Amino acid sequence: MQTLAVVENGSVVIGHDGLIKAVGSAEIIESQFKGATFDNVLDASGMCVLPGLVDAHTHPVWAGDRVHEFAMKLAGATYMEVHEAGGGIHFTVAHTRSATQQHLLAALQSRLERMMRAGTTLVECKSGYGLEMDTELKMLRVIHAARQSLPIEISATYCGAHAVPKGKTMEEATQDIVAVQLPKIKELMASGDLQVDNIDVFCEKGVFDLNSTRCILQAGKDMGLNINFHGDELHPMNSAHLGAELGALAISHLEEVTDDGIAAMANAKTSAVLLPTTAYILKLSPPRARDMLDAGVIVALGSDFNPNAYCCSMPMVMHLACVMMKMSMPEALAASTINAAYALNRSQTHGSLETGKQGDLVIINAPRWEHLVYQFGGHQELIRYVIIKGEIVYE
Ligand code: NIG
Ligand code: FE
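If you're matching positions, the sequence shown starts at 95 in my numbering and goes up one per residue.
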């Protein structure tokens, strides 16, 4: 992650199938493709071409903002104090339950457009503001519809265990997910009505404990979903050990992970999805990215876009990761491309500029790629083109 392969005076050729046909020195590519005709040629002289950014963790389907809670938090309330007072996730659940599918889709589409504008070409999108079957399915259908209507690629995550719904115990909620919701999702996936890739649980003190988390993740794994869950965020929960044991692809947050947990993740090749916006907004101690990197954990980044952490921009996330978590700029870029693709089980096809991979690019109007991380906000001026499968989606 320290040494990125930077090609000076390079070219990228993308075929009609949206895949990269060649990438490397312009001179070599020009002779290789001599006489070929191209539908479109972009002159990126003086610019830098990077892989499309991958956002490995978002909660982008919701109604009702929480700007009032931002004021409460600024005045000193903690995340769990707001949650326990019936706000936080519960506030968003109430608004999302009563919102129409149409309203949620329009909101999601505009958020995804903003993410694409900031260079994201593949994004993980969670459900989790329903906490009962009908609304969870409504959210997954909205994600499915966005997938069909926008060029940005989506990895869909069922997060029915995002909180214990009001009026239920944790045991009842776990039973409902395992015995009712997951079988229904399996049925809809089999008929092609839904595409779900990952299973998620918020494993936290006062939310889902380790046993319930294990039970839900295992049930998801048994139906072919990738395990990708929230763990060790506010309290050390042994989530990292559990994830390693279950063969999780990714665990997010990890502000409170132990040294043993880090070692278990490195061993199991379970990636760590770090979310600097959350630590920043909630004033938590940032996750120990350096310790994880030194131990050989596959570190990825995500925006955690949600009504608590309202940030759609991976360039801002990379900047925060460098300043708050002591990551280097090459590490932040690798964590927001190839490693984030790994966390979503897409590293064979996404996350780097290599022949045969998908032609997803961000082209910035700057002489060095580091400007994407160095500049904090205002990236509309910097990002000149965003390209997905060879098609310009923004210029
Ligand atoms: O990743 N920690 C749990 N879930 C989200 C927050 C969701 C919310 O507050 O609405 C997170 O930060
Ligand atoms: Fe989250």
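Virtual Cβ for every residue (Gly too), placed ideally from N, Cα, C. None of these values were measured; they are calculated from a predicted model.
Going by DSSP in three states, residue i sits in which element: helix, strand or coil?
i: Val217; result: strand
i: Glu335; result: Here the sequence assigns His to residue 335, which means Glu is not the residue at that position. DSSP places His335 in helix when its eight states are reduced to three.
i: His329; result: coil
i: Pro277; result: helix
i: Lys128; result: coil
i: Tyr488; result: strand
i: Arg478; result: strand
i: Ala389; result: helix
i: Ser243; result: helix
i: Tyr252; result: strand
i: Lys232; result: helix
i: Leu376; result: helix
i: Ala383; result: helix
Is there at least one non-hydrogen atom of the ligand FE closer than 7 Å to the beta-carbon of residue i?
i: Asn400; result: yes
i: Ser139; result: no
i: His184; result: no
i: His177; result: no
i: Ser346; result: yes
Could you tell me whether the Cβ atoms of residue i and residue j are closer together than 8 Å?
i: Leu387; j: Glu425; result: yes
i: His184; j: Lys260; result: yes
i: Ile457; j: Leu466; result: no
i: Ile310; j: Ala255; result: yes
i: Leu369; j: Ser333; result: no
i: Ile114; j: Leu340; result: no
i: Ser125; j: Gly104; result: no
i: Lys420; j: Ile392; result: no
i: Met174; j: Leu328; result: yes
i: Lys262; j: Ile293; result: no
i: Leu282; j: Val236; result: no
i: Ser430; j: Gln96; result: no
i: Arg308; j: Leu336; result: yes
Regarding residue i and the ligand NIG, is the C-beta to nearest heavy atom distance less than 7 Å?
i: Glu327; result: yes
i: Ala165; result: no
i: Ala403; result: yes
i: His324; result: yes
i: Phe302; result: no
i: His153; result: yes
Excluding the five sequence neighbours on either side, which residues of its own chain have a C-beta within less than 7 Å of the C-beta of residue i, listed in chain order?
i: Cys406; result: Arg205, Arg208, Met209, Ala212, Ser397, Phe399
i: Ala389; result: Ile356, Ala357, Ala360
i: Thr371; result: Ser397, Asp398, Ala403, Cys405, Val411, Leu414
Can you list, in chain order, the residues of its chain with a C-beta nearer than 6 Å to that of residue i? Leave out the 5 residues immediately preceding and following it.
i: Glu489; result: Tyr479
i: Ser249; result: Glu218, Asp291, Leu438
i: Gly182; result: Val176
i: Ala344; result: Asn322, Ser365, Val367, Ala437
i: Lys299; result: His329
Can a CB atom of chain C be found closer than 8 Å to the CB of residue i?
i: Gly341; result: The structure shown contains no chain C; it holds only a single protein chain.
What does a CB cutoff of less than 8 Å around residue i pick up in its chain, not counting 5 residues either side in sequence?
i: Leu202; result: Pro154, Val155, Cys219, Val236, Ile237, Ala240
Where are the alpha helix (DSSP H) runs, 4 residues long or more, that stay fully inside the segment 392-426, in chain order? 408-419
What are the uninterrupted segments assigned as alpha helix (DSSP H) that are 4 or more residues long and contained completely in the segment 430-456, given in chain order? 432-437
Could you tell me which uninterrupted alpha helix (DSSP H) segments, each at least 4 residues in length, are contained entirely in the segment 284-362, listed from first to last along the chain? 304-316, 333-340, 353-362
Counting only runs of 3+ residues fully inside the segment 130-203, write out the beta strand (DSSP E) ranges in chain order. 142-145, 147-149
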